[in-house]
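Protein chains in written order, with the numbering used here: chain A, 1 to 239; chain B, 240 to 478; chain C, 479 to 717; chain D, 718 to 956. Where is the CB? At the ideal position from N, CA and C, for every residue including glycine.
Number of protein chains: 4
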Amino acid sequence: MATRIQLGNGQPARSPAPRPRLRRGAGRPTGAAGEQLRRRILEAASAEFARSGLGGARVERIAAQAGANVRMLYYYFSSKDDLFLAVLERAYATIREAEKALALDKGEPQEAMRRLVRFTWGYYFSHPEFITLLNSENLHQGRHLERSARVSQLHAPFLEMIGRLLERGARAGVFRHDVDPMQLYISISGLGYFYLSNRYTLSAIFKRNLMTRERCDVRLAHIMDVVLGYLRPQRSSLS
Amino acid sequence: MATRIQLGNGQPARSPAPRPRLRRGAGRPTGAAGEQLRRRILEAASAEFARSGLGGARVERIAAQAGANVRMLYYYFSSKDDLFLAVLERAYATIREAEKALALDKGEPQEAMRRLVRFTWGYYFSHPEFITLLNSENLHQGRHLERSARVSQLHAPFLEMIGRLLERGARAGVFRHDVDPMQLYISISGLGYFYLSNRYTLSAIFKRNLMTRERCDVRLAHIMDVVLGYLRPQRSSLS
Amino acid sequence: MATRIQLGNGQPARSPAPRPRLRRGAGRPTGAAGEQLRRRILEAASAEFARSGLGGARVERIAAQAGANVRMLYYYFSSKDDLFLAVLERAYATIREAEKALALDKGEPQEAMRRLVRFTWGYYFSHPEFITLLNSENLHQGRHLERSARVSQLHAPFLEMIGRLLERGARAGVFRHDVDPMQLYISISGLGYFYLSNRYTLSAIFKRNLMTRERCDVRLAHIMDVVLGYLRPQRSSLS
Amino acid sequence: MATRIQLGNGQPARSPAPRPRLRRGAGRPTGAAGEQLRRRILEAASAEFARSGLGGARVERIAAQAGANVRMLYYYFSSKDDLFLAVLERAYATIREAEKALALDKGEPQEAMRRLVRFTWGYYFSHPEFITLLNSENLHQGRHLERSARVSQLHAPFLEMIGRLLERGARAGVFRHDVDPMQLYISISGLGYFYLSNRYTLSAIFKRNLMTRERCDVRLAHIMDVVLGYLRPQRSSLS
DNA sequence: TATGAATGAGCTTTCATTCAT
DNA sequence: CATGAATGAAAGCTCATTCAT
């Protein structure tokens with residue numbers, strides 16, 4: 001414990017011969033204590049990225065929020081970008097997991113569809129960080145997600161589930177026959193996402209606060225109307 | 240040598256966040272030559288903000304792109320934030336101006352509605368910078384738009400125009416009666432905006448490129464179906 | 479001059495869409511004041527790189543030594559590597575310039591050769607920073623120099639000059655005929671360079687300080703012997 | 718939580734530079750398994766120091782390369798500097814050991830000298846890491862070697878061996894009489910070392926790749942010419 | 001003998017903005 | 001109207017080293 005003088009002749013990684021970065025294998029610690037810190041960092045990052053976007057997020061704030069050293073952030077995740085991807089993957093996994101509980105294969109088709117619409121709106125509503133995360137990723141042209149194998153695997157079964165619901169409804173005569181599951185899901189999402197994501201600009205241009213409890217209920221009702229109205233079997237061709 | 244406190248941590252963030260000064264109305268009267276440079280800066284800024292967001296945009300790149308000196312940027316616009324607001328205002332003015340040409344008060348209601356839907360999709364499609372701009376402003380919680388008197392004035396007549404169209408259609412028996420103009424407009428926008436804004440994440444999770452010519456046409460047709468399907472007069476209550 | 483709070487929503491260059499670095503055109507200021515600071519930085523960098531190598535050099539030390547802000551270093555030279563290259567180029571230009579004054583085309587061939595040998599040793603002796611610079615560049619596998627067009631242009635005339643001297647001597651019967659100018663120059667250099675560059679390790683293993691005035695003179699005399707001994711016309715083949 | 722002063726600015730630098738502690742002799746006695754790991758670390762370090770220099774080398778990379786934990790590196794060698802010294806010592810021991818096999822005391826003097834020249838060139842040629850190691854140590858002003866008792870012991874017998882060879886040759890009338898063994902050895906080394914150590918800068922300034930098989934052979938022949946040319950008994954004084 | 005987790009200092013580079021001319 | 005020079009603060013990331021087990 002004596003006073004010690006260190007030379008520590010550091011020299012940043014730029015200069016020497018090009019050598020592969022020592023990637024920590026995406027940082028997989030085994031100890032339980034480590035796992036806990038890793039998760040805290042992930043959660044803090046999620047909040048920070050949501051609040052400020054990828055570029056605006058500060059690694060130091062993330063570390064502080066997680067009660068960790070900045071260095072540890074790089075110990076578990078190798079870079080800010082990798083951390084962002086981890087956050088994204090977790091976010092997608094969470095929502096898709098929650099959707100499984102909807103049991104769309106059960107119950108009356110119209111009622112199941114209402115569950116889906118309500119859930120989707122509700123999820124965006126109570127997870128604004130998910131919206132900001134996606135917007136960030138899109139600003140960056142999907143740069144991170146395109147490296148992720150995990151994420152796309154989550155969605156095939158999800159679309160199939162919606163497809164089965166649409167078929168059930170069509171067979172029961174309550175849904176029209178020509179509906180594409182992906183298009184429908186994008187519509188259900190978009191109807192809520194846009195309202196919530198653009199809450200500030202919409203509130204500004206329409207000069208009213210769109211986020212009051214009442215107006216949000218109105219919005220959900222409207223979305224419900226749009227989706228189910230659209231799904232009604234057609235009497236005659238429209239478009 | 241004035242005392243200066245810098246936070247330099249950008250982004251909306253912390254609640255008592257000190258707002259950047261938006262010294263509006265400092266619009267210097269400029270000669271014709273100056274006016275031209277001013278516009279070049281505005282255009283360069285538009286592109287840069289669109290590409291990189293507010294935080295990611297670099298004043299130096301904007302100046303370089305405009306063939307100007309960074310100092311000039313500060314001469315015409317007093318700060319990066321003011322410049323961003325100017326860009327935003329111009330973007331809103333442009334789209335609302337274009338919408339006037341739709342003449343929604345004329346022609347068959349359903350056809351007029353189709354024009355609106357088609358235009359809205361087309362505008363987002365061919366002005367991706369508008370989308371990025373709005374996303375940025377929303378990430379920053381509408382901080383800039385909040386100060387703008389100009390923008391909200393643009394939208395009252397616009398909603399009225401849609402309202403008149405809905406009434407015409409309802410009276411003609413081709414539209415349902417319970418439609419709120421703002422909700423409808425938000426829906427029309429959202430159906431296209433979400434698809435285009437989230438093109439990268441959606442393409443990644445659904446493992447297909449959503450931006451091919453064909454898929455975009457499919458999307459527009461779907462939106463058309465949704466909007467007009469929803470507007471069909473109801474036989475029975477749905478929700 | 480009031481207290482001012484700035485948000486300055488900075489966001490480092492990493493995140494956004496890949497855009498070309500705004501290279502300042504290798505930084506060419508026109509003002510005289512700027513040119514002066516630029517030179518001071520170059521000189522400070524030369525000393526620092528010499529002392530510590532490329533990797534060990536600290537930009538902050540360079541800036542401080544030059545009486546400048548670190549930021550200015552990046553204003554004039556765009557990166558540490560570019561600065562290193564500038565230093566290298568200047569170093570080569572300086573030695574080659576000095577060599578021109580040797581007037582090898584004049585005087586007796588043996589005497590001219592002695593001038594060259596003496597100069598080369600003397601230059602390395604009194605410019606140890608040149609040695610360290612070259613060693614650094616070689617440690618980095620010539621990464622910087624290979625981007626330089628300027629440097630190689632300096633050397634063609636130099637080799638020609640030596641070639642002419644060798645011919646003169648051969649014709650006069652005092653030099654052997656089979657000498658390659660480049661090989662000879664590398665030998666003249668190496669005989670001095672190695673002694674001076676490796677002064678510490680050689681002193682350590684031979685347990686004597688090789689850098690005393692006397693020993694340095696002895697070394698120069700030895701080199702002279704080796705070079706001129708080698709150049710003596712052959713009576714019979716040797717190798 | 719001891720008070721700790723870190724300079725962290727590496728490199729030889731400032732004169733009163735606090736020397737890194739070189740706690741020698743802490744050589745832990747280790748079992749056979751441990752000895753093996755120790756050697757693997759030493760070899761990995763040798764490669765890493767050679768590739769990147771002392772400052773550019775990364776302990777983590779060394780450990781990874783050795784298939785060991787960073788902590789183990791500190792267990793066997795107490796610091797990066799100590800490790801570097803160990804590598805240096807091993808390198809010197811290796812080359813001096815190899816030289817013993819030259820049997821310079823046997824055979825015709827000129828032929829023995831040719832063996833020495835050929836060996837020296839060949840060793841540098843096939844051990845580029847030795848060159849980089851020495852350059853690093855010299856950049857650091859021989860800081861490590863200074864402490865080593867082992868190394869200097871290796872060289873006295875080596876110089877004596879060369880001295881005997883020179884005497885043999887002089888007595889036989891094939892070598893001149895005034896040759897200093899150390900100077901000659903430094904010359905033989907320098908003629909090859911400089912060419913190989915500065916391969917990148919020389920290739921750049923002379924615009925040709927000096928490391929082709931053919932050019933290397935040419936260089937060796939040239940060195941041979943220089944050394945034996947110089948050693949030829951003089952007819953008249955030269956310098 | 002071995003390992004994962006942790007640390008604090010320091011590195012290069014970048015940024016929005018302003019001064020002096 | 002226009003420009004080059006200058007600045008302080010901070011950002012992301014990396015380093016050698018040690019603690020706890």
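Using the Cα positions of residue i and residue j, report the straight-line distance between them to the nearest angstrom.
| i | j | result |
| --- | --- | --- |
| B/GLN380 | A/THR132 | 11 Å |
| A/LEU134 | A/LEU202 | 19 Å |
| A/MET211 | A/ARG199 | 7 Å |
| C/HIS622 | D/SER904 | 29 Å |
| D/ILE779 | C/SER524 | 31 Å |
| A/GLN234 | A/ARG176 | 6 Å |
| B/SER436 | B/PRO367 | 8 Å |
| D/ARG756 | D/ARG932 | 36 Å |
| B/ILE280 | A/LEU83 | 35 Å |
| C/GLY503 | C/ALA627 | With a pLDDT of only 43 at C/GLY503, under 50, the local geometry of the prediction cannot be trusted, and the value read off the model is given with reservation. Rounded to whole angstroms, C/GLY503 to C/ALA627 spans 16 Å at the Cα level. |
| D/LEU821 | D/ARG930 | 27 Å |
| C/THR572 | B/ALA283 | 44 Å |
| A/SER126 | A/TYR193 | 12 Å |
| D/VAL935 | D/ARG775 | 37 Å |
| B/ALA471 | B/GLY408 | Correcting the residue identity first, residue 471 of chain B is Arg in this sequence and not Ala. Roughly 10 Å between the two C-alpha positions. |
| C/PHE684 | D/GLU884 | 20 Å |
| C/LEU617 | D/ARG768 | 8 Å |
Of all Cβ atoms in chain C, is any one closer than 7 Å to the Cβ of residue i?
| i | result |
| --- | --- |
| D/LEU958 | Any answer about residue 958 of chain D is impossible in this case: the structure gives chain D only from 718 up to 956. |
| D/TYR672 | Missing from the structure shown is residue 672 of chain D; chain D here goes from 718 to 956 and no further. |
| D/TYR947 | yes |
| D/ARG741 | Legend: pLDDT at D/ARG741 = 41, less than 50; position of this residue unreliable, no value from coordinates given. |
| D/VAL834 | no |
| D/GLU828 | no |
| D/VAL891 | no |
| D/LEU937 | no |
Could you round the C-beta distance between residue i and residue j to whole angstroms and report it? I think they count as a contact, below 8 Å.
| i | j | result |
| --- | --- | --- |
| A/GLY56 | B/GLY294 | 5 Å |
| B/LEU404 | B/MET352 | 7 Å |
| D/LEU901 | D/ILE879 | 7 Å |
| A/GLN65 | A/GLU48 | 7 Å |
| D/ALA921 | C/GLU577 | With a Cβ gap of about 18 Å, D/ALA921 and C/GLU577 do not count as contacting. |
| C/VAL629 | C/GLU567 | 6 Å |
| A/SER136 | A/GLY53 | 5 Å |
Compare the C-beta of residue i with all C-beta atoms of chain B and state if any pair is closer than 7 Å.
| i | result |
| --- | --- |
| A/TYR123 | no |
| A/GLY142 | yes |
| A/SER187 | yes |
| A/ASN69 | no |
| A/GLN183 | yes |
Can you find a C-beta in chain A that's less than 7 Å from the C-beta of residue i?
| i | result |
| --- | --- |
| B/VAL465 | yes |
| B/GLN304 | no |
| B/SER365 | no |
| B/MET311 | no |
| B/LEU343 | no |
| B/LEU384 | yes |
Measuring only between beta-carbons, confirm whether residue i sits less than 7 Å from chain D.
| i | result |
| --- | --- |
| C/ILE640 | no |
| C/HIS655 | no |
| C/GLY668 | yes |
Next on the checklist: Against chain B, which members of the stretch 200-215 of chain A pass a CB distance test of less than 9 Å?
Outcome noted: TYR200, THR201, LEU202, SER203, ALA204, ILE205, PHE206, LYS207, ARG208 and LEU210
Item to check | Members of the stretch 791-818 of chain D near chain C, C-beta cut-off 8 Å | outcome: TYR809
Checklist entry - What residues in the stretch 269-298 of chain B bring their beta carbon closer than 8 Å to a beta carbon of chain A? => result Taking 8 Å as the Cβ-Cβ cut-off against chain A, the residues of the stretch 269-298 of chain B that qualify are SER291, GLY292, GLY294 and GLY295.
Checklist entry - Just checking, does the stretch 871-881 of chain D make contact with the stretch 941-949 of chain D on the three C-beta pairs under 8 Å criterion? => result Touching, no, given that fewer than three Cβ pairs across the two stretches are closer than 8 Å.
Item to check | the stretch 587-605 of chain C / the stretch 542-556 of chain C touching (three or more Cβ pairs under 8 Å) | outcome: no
Next on the checklist: If the cut-off is 7 Å on Cβ atoms, which residues from the stretch 844-855 of chain D count as contacting chain C, listed in chain order?
Outcome noted: THR849, LEU851, ASN852, GLU854 and ASN855
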